[in-house]
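Scroll down for the structure; my scribbles are underneath it.
Chains as they are written, first to last, in our numbering: chain Z, 1 to 490; chain W, 1001 to 1490; chain E, 2001 to 2490.
Pasting the structure below:
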């Protein structure tokens, strides 16, 4: 048994091989082919994207093409789409030498995750029992984007420490878990979660944090010199921050009820986010020497309000209620970066590269609580009877559910999201710990060179011989300089 | 009295203290709390964002949710939102070491300004006299974004020379002044200003220029080495330019009348902007040695047409009229950068960091004039009777106003905007001159280091000891190089 | 005759003069003035952007302003607009010292091309024969953007090797050719091409490639040191890639039929693009040493699916059909970068800077073929009778065309696009070869300095004398370093 232990230990501690030339293409090809087959068997257009729409219009007495759900939701979808690919992608470019991986792997796993999410969510939500097919349209596109958002959040915790193959595996399981918890929370518990404080953020964040805990690297300081930012990488990250911040109202309103639902969700989110900016700046300045601002806080904590208002965005939270939520979440998130992230790393061994605990976990949890309280406090006088039924979708089997009970189910939903994150993350974490996925050694973390052809820096490029131009001289000087100095210093 | 003068002079000339660790958090917290209270007292949802929408639909016989103003205006709002945060923010990143402040302070003051604008504009425009509450929806979101645009324009004049606390004060007063002049111009004079050539650009630019005049720094050349751009900061600025340029049609059409009003305003702006690009390039090339283009012109003057067509965008300006406006504004704006900006600085002591006189003041003024002329020349044959009333909103007390009179009121509106900018800027300028706001010394202007934790440059980061990897060597060489050379040159 | 040959040879081989101080402003001014005159004579608002809209509404019994085409198409237009200016512009910023030209010239020729496209396309498509005027609205804006897209694709082939004046000439002819081939393909052949696989991509790519062949530079390796990327220029290029990728669903659906047409085109494009990402990553990793990814592939081949689904996007391609198209195009495009681009350069003397053969030519051609097959295979059972007529616009003279015949006309359309590209490119290539356009010498290719005032690098800026601040020291050290080393190495 000691030999077995030793063998296992050897298995887990053998030198890292980051060559993914077989595994990455294999995973991409096999999974893409599986997607094609499953799409062939299951996936069809829904009645609004099918060419039979003209027939549907007649049958359902729809007078105008503008009533096609496309026109209600497509602008919001495009904003969400930008958040997924530019928002999340660029937010993670802040590391000095990991921008290719931040944007590139974000791109890869989102593109894969969307396909798998369309299937998984389709089976749970959009299955047409008459023919056994999944029928998709613009709302499925939004929901698939939502689903991969949870995996991109999880990516933030392990940024720089995993291989693209690990990310693909993490996304496969993440999407699967998401579809199940979404079904339990939305359909079985009938909890509302317009912007996904629970379903997206709480689940995604704890999923990522748990995985990061299990993949704990005690010697990660060997790549410490790459864990910071440089000037321009921080500016790139602001591209991500701002597109997330600006389009968050679309995110939280994208799947809300037509009319006042979408309108109010966008307005509430817009208000909440403005308050987060002010308190983030305040705390950042207050806690630094000389009152200087820290870019990490501005890039992240300004967004906390958007996360925290996710569940309640479509409720009658009232404008001042939004500001209050934004006010506290900006404070809590910024304090999290200053005090909790170091604590998590040193005491709990959770290495959280992007600080998703501060941006998604805590605000997501708060969002679930705010949603439960606001739901429980809903009254007919504030909503009107029709408005209450419409906002909480009290119809069918849930027609007689009172708001107070709804509040309880909201809280239950939050617990489900949390449990899925923690348990799912534990299982997936151990799968990812298998030494077959090509993850980098500690000293190669946060370094694009491991998985990317990185262009040589200017100074190391030899000029063309005999080439006589002042620009060329600049390069020559530079490389001569390095060369000469090296000589003299050896 | 001499002693008093001396004391005052000492008060104004004492060494600069840029530590904002108390003042910035204090301003953010206090103002945010005040906002929460005022929002609690005054701010409610309007009938289109309230859960009573279903009741409203019945009462007003609205057949479809798509008639909710959200679907008419939200896509335009999101484009405007991008202009405010990414457009203005990134346009100002061109300075070599001031990108954090450009994007970050733009973010801060816009987020604060939006809240205050919702209140100020709400009291003037959206107050429900039956219950004393302000009722808000998507149009208020657009108008709040418009309002802060004027303050962000003003920021362009003082970029690099003021503290974040000064910017907050400038925004507080700027929004207040804006709400009053907007009320006078739009409601009392009943002048039309769809894209805000007068209300936003003329006011904002002269407000900022006047403040910059009063804060004149005779020794600003002490930070001259930071006043230029570097290669990548110019590319970042183009992100700002392009998002402003592309979305300007949405800006000018966002609050126009449903139907042809929005349609025509977008089309007119689109056309005008294309012409500005060509004449900007022409003048830039013509006035430089060897015909080389100057990035400053491309980043700014290409946008002048959008400013200048702001007032007349919803009028029947005709496609060729748009091209003419764009043609001349591209020329005037570029010539402004070449001849007027240096003149303003040397003769009038107006230091205009971003050249807002060329991008906003002159084109805004031209826009007001074009608007007045086009309004005065409007006829029923061109507009149709219904179209004329609809475009100029000739109803209620203004039902019988003839277009020629309207032209006069348009001109009066321009004068009001100008007066508010000049007088307001003077007052606020003297307030900002008080030596309590933490503004930087002349030699620290245009430097992020004063207010931000700036990441160290690559070469100055010590590699981890004993760390044996080719990447690390790169850093080592670089720092060795500097070290050795320093040694030898001393 | 020998003397004549010699004279001609001397004429073509005289030393390059890249001074465009006369030619560039002249072209811009003259063409802009011509545009104003032609717009004055021909261009008017259509019934949906004209102030007579209220009259039209009554006449045509339109019940709501939301039926104005503006609300169906403007969000898509804005996405397309972003693709044209930010997407194409930033995609080309990957070169280390050519970002100004990439974004700036893209901006210039798009702004010019849009005006000329409105006229050319207007004469062919939107001429009102009752008054001889072109009537424009939002759909014309989209079509003009589409038209210039073809010229921007062509720019990709010659990037870095031509002057802005040549680009203007290339755009003038490109737009003209486009309007003619579009008329032949869309109106005469009545082929469908929603996203322009044939009309935009096939034409644009072969137009650019043919021009690049004729402008072949045997000694282009003299500027080889500028043909690569640097780290941050690759990240900037990803801004372009992602905005193209995200908004491609809007591109392919922008002019489709209201309702299911737009809905399905967006959905199909969304699906296709996800598959391209996975196979691009797979092939990129598989073909590099150690399985490392190449940024060139990620920046370009991930988009190939969007090009290839352009024609068939509005058809009933089925979700799995989309994934298959994306699957193969990602593979083909990436293999193109690895094997075909070097072959084209060495054997066929086609220097294709951005690899448009892999991103636009091959996928565009495939898209035309996929469109022809899918059209020929269309049946009433899949589309419904109304849906078939609506999707293929089988009305008027084409009311009885069967799908199989439609497939033949689709193939004919592809041949027309190809022919226009090859023949047009040949003619325009020889025009551009005239030595009067200010193109750069071989050793100055890919260098912004030829046409732009480029900011000096940090190290070469002299610090202000006596200026005593730690920031200044940094600059000083740096320049001292260079200075000292130069001394010692000479």
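Idealized CB from N, CA, C, for every residue including glycine.
Query                                                                                                                                                                         : Result
Who are the Cβ neighbours of residue 279 of chain Z in its own chain at under 6 Å, not counting the five residues just before and after it?                                   : 327, 330 and 331
Which residue's Cα is closest to the Cα of residue 2305 of chain E: E:2269, E:2315 and E:2316?                                                                                : E:2269
For a contact defined as C-beta to C-beta under 7 Å, what are the partners of residue 1016 of chain W on chain E?                                                             : Per Cβ cutoff of 7 Å: no residues; residue 1016 of chain W is ~13 Å from chain E at best.
Determine the contact status of residue 2242 of chain E and residue 124 of chain Z, defining contact as a CB-CB distance below 8 Å.                                           : no
Three or more C-beta pairs closer than 8 Å, one from the stretch 1412-1431 of chain W and one from the stretch 1364-1380 of chain W: is that the case here?                   : yes
Just to check, is the beta-carbon of residue 1211 of chain W closer than 7 Å to a non-hydrogen atom of the ligand FMN?                                                        : As for the ligand FMN, it is missing from this structure, which has no ligand bound.
What are the complete alpha helix (DSSP H) segments, minimum 4 residues, inside the stretch 2359-2414 of chain E?                                                             : 2362-2376, 2380-2383 and 2385-2391
Listed in chain order, which residues of the stretch 2029-2051 of chain E have Cβ atoms closer than 9 Å to some Cβ of chain Z?                                                : none
Which one of E:2095, E:2307, E:2228 and E:2171 has the shortest CA to CA distance from residue 2198 of chain E?                                                               : E:2307
Residues of chain Z with CB closer than 7 Å to the CB of residue 2262 of chain E, please, in chain order.                                                                     : 70
Check for me: the alpha helix (DSSP H) holding residue 66 of chain Z runs from which residue to which?                                                                        : Here residue 66 of chain Z belongs to no alpha helix (DSSP H), and DSSP marks it neither H nor E.
Can you list, in chain order, the residues of its chain whose CB lies under 6 Å from that of residue 2465 of chain E, leaving out five sequence neighbours each side?         : For residue 2465 of chain E, the predicted model reports a pLDDT of 38, less than 50, meaning its position is unreliable and no value from the coordinates is stated.
Just the chain E side, please: which residues come within less than 7 Å of residue 65 of chain Z by C-beta, in chain order?                                                   : 2258 and 2259
Whole angstroms is fine: what's the gap from residue 262 of chain Z's alpha carbon to residue 252 of chain Z's?                                                               : 8 Å
May I ask you to verify whether the stretch 1378-1390 of chain W touches the stretch 1170-1188 of chain W, counting CB pairs closer than 8 Å and requiring at least 3?        : no
Once DSSP output is grouped into helix, strand and coil, what is the label at residue 2289 of chain E?                                                                        : helix
Mapping the DSSP letters down to three states, classify residue 2273 of chain E as helix, strand or coil.                                                                     : helix
Spatial neighbours of residue 443 of chain Z within its chain, please: C-beta separation below 7 Å, excluding the five flanking residues on both sides.                       : 222 and 223
Which of the three DSSP states is assigned to residue 50 of chain Z in this structure?                                                                                        : coil
Closer than 7 Å by C-beta to residue 2112 of chain E: which residues in its own chain qualify, once you throw out the five before and the five after it? Chain order, please. : 2031, 2168 and 2171
Output yes if chain E places a C-beta closer than 8 Å to the C-beta of residue 137 of chain Z; else output no.                                                                : yes
Could you give the distance in angstroms between the alpha-carbon of residue 23 of chain Z and the alpha-carbon of residue 163 of chain Z?                                    : 10 Å
What would DSSP say about residue 2016 of chain E, mapped onto helix, strand or coil?                                                                                         : coil
Apply the 10 Å Cβ neighbour rule to residue 2098 of chain E and answer buried if 16 or more other Cβ atoms are within range, or exposed otherwise.                            : buried
So for residue 1267 of chain W, helix, strand or coil by DSSP?                                                                                                                : helix
So which of Z:310, Z:228, Z:441 and Z:334 has the shortest CA-CA distance to residue 1025 of chain W?                                                                         : Z:334
Below 9 Å between beta carbons is the criterion; list the residues of the stretch 2430-2448 of chain E that meet it against any residue of chain W, in chain order.           : 2438 and 2448
Name the chain Z residues whose beta carbon is nearer than 7 Å to that of residue 2277 of chain E?                                                                            : 107, 108 and 111
Is the CB of residue 386 of chain Z under 8 Å away from at least one CB in chain W?                                                                                           : yes
Does DSSP classify residue 1097 of chain W as helix, strand or coil?                                                                                                          : coil
In its own chain, which residues sit with a C-beta less than 7 Å from the C-beta of residue 2422 of chain E, not counting the 5 before and 5 after it?                        : 2206 and 2210
Residue 2324 of chain E touches chain Z at which residues, Cβ-Cβ below 8 Å?                                                                                                   : 36
Quick one: which chain Z residues come within Cβ less than 7 Å of residue 1141 of chain W?                                                                                    : 267 and 270
What does the Cβ neighbour count give for residue 128 of chain Z, buried or exposed, with the cut at 16 atoms within 10 Å?                                                    : exposed
Would you mind stating whether residue 161 of chain Z and residue 46 of chain Z have Cβ atoms separated by less than 8 Å?                                                     : no
Nearest chain Z C-beta to residue 2452 of chain E closer than 8 Å, yes or no?                                                                                                 : no
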